[in-house]
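The working numbering numbers the first residue of the sequence shown as 126 and each following residue consecutively.
Heads up: the structure comes next, in C-alpha cells.
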Amino acid sequence: MKLSKGQRGRWSLMAGILLFTLLLSACGSVNSNTTSSSTPAANSGPDGKGCKKIGVSFPETNTSYRWDNQDKPLLISALKNALSITDNDIIYNNANGSTATQQTQAESMLTRGACILVVAPSDSKVAAAIVDKAKAKHVPVVSYDRLINSKDVTAYVSFQGQDVGKLQGDYIAKHYQDYVKKNGTTNTVIINGSQTDNNAILFKEGLHTSLDPLFKNNTLKNVYEQFTDWTGPVAQKDMEAALSRTGNKVAVAYVANDNMAESVIAALKTVNLDKKVLVTGQDAAQVAITNILNGEQAMTVYKPYGKEAESAAKIVAAISKGDDVKTIATTNVAETTSNTQIPSLLEEPIAVDLSNVKDTIIKDNFYTKDQVCKGVAAGAGGVC
126 MKLSKGQRGR WSLMAGILLF TLLLSACGSV NSNTTSSSTP AANSGPDGKG
176 CKKIGVSFPE TNTSYRWDNQ DKPLLISALK NALSITDNDI IYNNANGSTA
226 TQQTQAESML TRGACILVVA PSDSKVAAAI VDKAKAKHVP VVSYDRLINS
276 KDVTAYVSFQ GQDVGKLQGD YIAKHYQDYV KKNGTTNTVI INGSQTDNNA
326 ILFKEGLHTS LDPLFKNNTL KNVYEQFTDW TGPVAQKDME AALSRTGNKV
376 AVAYVANDNM AESVIAALKT VNLDKKVLVT GQDAAQVAIT NILNGEQAMT
426 VYKPYGKEAE SAAKIVAAIS KGDDVKTIAT TNVAETTSNT QIPSLLEEPI
476 AVDLSNVKDT IIKDNFYTKD QVCKGVAAGA GGVC
C-alpha cells in the first residue's frame with residue numbers, strides 16, 4: 126500500500142512514541158531492581174564498606190535523661206570526626222519508648238540510604254526484626270548500649286553490664302549496717318529495670334552476685350523484688366507496695382536507675398523515710414547527683430558516655446573502611462538466644478557517692494558545680 130506524505134509523517138510519529146515508551150519501561154525495570162531489598166544501600170558497597178550515611182536509633186526519652194541530652198550529641202560528634210562526615214550524613218531518630226515506632230523509623234532510615242545502623246533497642250527481642258531488615262539490604266547493625274537479641278548483630282558497644290549491678294550490690298554490702306541500725310530492720314527492696322532490656326537482666330545478675338550471700342545468711346532479707354518498665358511511676362508504685370507489705374520497715378532500696386530512684390525517694394518521703402533508707406541508682410543523672418549531695422540517694426553508677434560514643438564511632442569507621450571489627454573488639458559477648466559471640470567494646474562503669482562526686486562528675490565536666498548544687502547546703506561532699 127502506498128502512503129501519502131501526510132500518512133508517512135503520522136506513522137513515523139507513532140513509531141517514535143512507541144519506541145520512547147519501550148525505552149521508558151526498560152529504565153523503570155532497572156530502577157526498581159536497584160531499590161529491591163536484596164541490594165546494598167545507596168553510596169555503599171556490600172556490608173557497609175565505603176558507607177558515609179549512618180542511621181542512629183535511640184529507644185526513649187522518658188525513662189532516662191541521657192539519650193537525647195548526652196548520648197546523642199556525643200555520638201553524632203564522634204561519628205562526624207571518625208568518618209569525616211557532616212550532620213546531613215547522619216539520620217537520627219528517637220522511638221520515645223515505642224518498639225513499633227523504632228522499627229518504622231529504622232525502615233525509613235534504610236529507605237533513605239543509611240548503610241550502617243547504630244541501634245539502642247527499645248526492646249532487645251523485638252529489635253531483632255530491625256537487624257533482619259538491615260541484613261536483607263546488606264546493612265550492618267551496631268548494637269549500642271543494649272544488646273539486640275540477634276545473631277546477625279555486627280558488633281556491640283556498651284559498658285560491662287554485670288559490673289553495673291555488682292557495683293550497686295557491693296555498695297549495699299559495704300554500707301547497709303548504718304541503715305539497718307537506723308531503721309531496726311534488714312528488709313531490702315529490689316526494683317529492677319525492664320525485662321525487655323538485656324542490660325536490666327545483667328544488672329540483676331551482678332547485683333545478686335554481691336547480695337545473695339547476705340540474703341542466704343539472713344544478714345539482709347529480700348522482701349520485695351520486681352522488674353519494671355524503667356519508668357518512675359511504676360517504680361513508685363512498687364516502692365509503695367513494698368512499704369505497705371512491710372509496715373514501712375525498709376532499710377535498703379536497690380533501684381536500677383536514677384529516674385526510678387527519684388520516684389522511690391518520693392514514696393519514701395510520704396512515710397518520712399527519706400534520707401533514712403539506702404537508695405541506689407544508675408546513669409549519674411543530674412537529679413541523682415543533687416540527691417546524693419542532699420543525702421536523699423546513697424549512690425549512682427557513672428558511665429562516661431563519651432567513651433561509649435567514641436567506641437561506637439570506632440566500630441562504624443572500621444566497617445566503613447572494610448576492616449574486620451573483630452580486630453578492634455576487646456571482647457566477645459554471647460547473644461542470649463543463639464549464644465553467638467558478638468565482637469564487643471565494653472567500657473568500665475564507676476560507682477559514685479558523696480565521697481567522689483568532685484573527682485568524677487565535676488572533674489570530667491559531666492555536670493558543673495552550679496548544676497548539681499542548686500538547693501544543696503554549702504560544703505556538701507566538698508562540692509557545693
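A virtual CB, placed ideally from N, CA and C, is assigned to each residue, including glycine.
Values in this document were obtained by computation on a predicted structure and should not be read as measured data.
Next on the checklist: Residues in the same chain with beta-carbon distance under 7 Å from Y430, minus the five sequence neighbours each way, listed in chain order, please.
Outcome noted: Beyond the five residues adjoining it in sequence on each side, Y430 comes within less than 7 Å, by CB distance, of R191, Q195, D196 and L199 in the same chain, given in chain order.
Next on the checklist: To the nearest angstrom, how far is the alpha carbon of L471 from that of Q227?
Outcome noted: Roughly 24 Å separates the two Cα atoms.
Next on the checklist: Let's see if you can read the secondary structure: which residues bound the beta strand (DSSP E) around V289?
Outcome noted: In the DSSP annotation of this structure, V289 is not part of any beta strand (DSSP E); the continuous alpha helix (DSSP H) holding it starts and ends at G286 to N308.
Item to check | Proximity below 9 Å, CB of E232 to CB of I255 | outcome: Result yes, Cβ atoms of E232 and I255 sit closer than 9 Å.
Checklist entry - What is the rounded straight-line gap between the Cα of S275 and the Cα of I444? => result So the two alpha carbons sit approximately 18 Å from each other.
Checklist entry - For the region 303–359, which segments carrying the beta strand (DSSP E) assignment without a break, of at least 3 residues, lie completely within its bounds, in sequence order? => result For the region 303–359, whole beta strand (DSSP E) runs of length 3 or above, ordered along the chain, are 312–319 and 346–353.
Checklist entry - Buried or exposed: where does D322 fall if 16 or more other Cβ atoms within 10 Å of its Cβ makes it buried? => result Per the 10 Å Cβ criterion, buried.
Item to check | Presumed contact (8 Å Cβ cut-off) between K432 and D408, rounded CB distance | outcome: Actually they do not touch by this definition, with Cβ atoms about 15 Å apart.
Checklist entry - According to DSSP, what are the bridge partners of D478? => result Partner(s): M424.
Checklist entry - A325 and N317 look like a contact to me (Cβ under 8 Å); what is the Cβ gap, rounded to whole Å? => result With 8 Å as the limit, A325 and N317 qualify as a contact, their Cβ atoms being about 6 Å apart.
Checklist entry - Is L235 helix, strand or coil by DSSP? => result DSSP places L235 in helix when its eight states are reduced to three.
Item to check | Coil, strand or helix - N194 by DSSP | outcome: For N194, the secondary structure class from DSSP, reduced to helix, strand or coil, is helix.
Checklist entry - Apart from the five residues just before and just after Y217, which ones in its own chain have a Cβ nearer than 6 Å to its Cβ? => result Contacts found: V181.
Checklist entry - For the candidate residues L204, Q287, V402 and K260, whose alpha-carbon lies nearest to that of D277? => result The residue with the shortest Cα to Cα distance from D277 is K260.
Checklist entry - With distances taken from CA atoms, which of N206, L345, T371 and T465 is nearest K511? => result Limits of the chain in this structure are 126 at one end and 509 at the other, which puts residue 511 out of reach.
Next on the checklist: Nearest by alpha-carbon distance to Q411: which of A391, P474, N382 and L403 is it?
Outcome noted: Distances from the alpha-carbon of Q411 to those of A391, P474, N382 and L403 put N382 closest.
Item to check | Residues near T415 by beta carbon distance below 8 Å, same chain, minus five either side | outcome: Residues V497, C498, K499, G500 and V501 of the same chain have their beta carbon placed closer than 8 Å to that of T415, with the five preceding and five following residues left out of the count.
Checklist entry - Of the choices T356, A366, K362 and T371, whose alpha-carbon is the least far from that of N384? => result Here the closest residue by C-alpha is T356.
Checklist entry - Looking at the structure shown, is S283 part of a helix, part of a strand, or coil, going by DSSP? => result Note: S283 maps to strand in three-state DSSP.
Item to check | T461 in three-state terms, based on DSSP | outcome: In the three-state DSSP reduction, T461 falls in the coil class, being neither helix nor strand.
Item to check | Minimum C-alpha distance to D295 - residue among D270, T334, T310 and F284 | outcome: Ranked by Cα distance from D295, the first of D270, T334, T310 and F284 is T334.
Item to check | Top-ranked residue by Cα proximity to T456, from E473, A366 and C509 | outcome: If we check each option's Cα against that of T456, E473 comes out closest.
Checklist entry - If we count the other Cβ atoms within 10 Å of its Cβ and call it buried at 16 or more, is R237 buried or exposed? => result Answer is exposed; the Cβ neighbour count stays below 16.
Checklist entry - Taking one C-beta from the region 327–341 and one from the region 383–399 each time, how about it: are there three or more such pairs within less than 8 Å? => result The region 327–341, when compared against the region 383–399, does not touch it at the 8 Å Cβ threshold.
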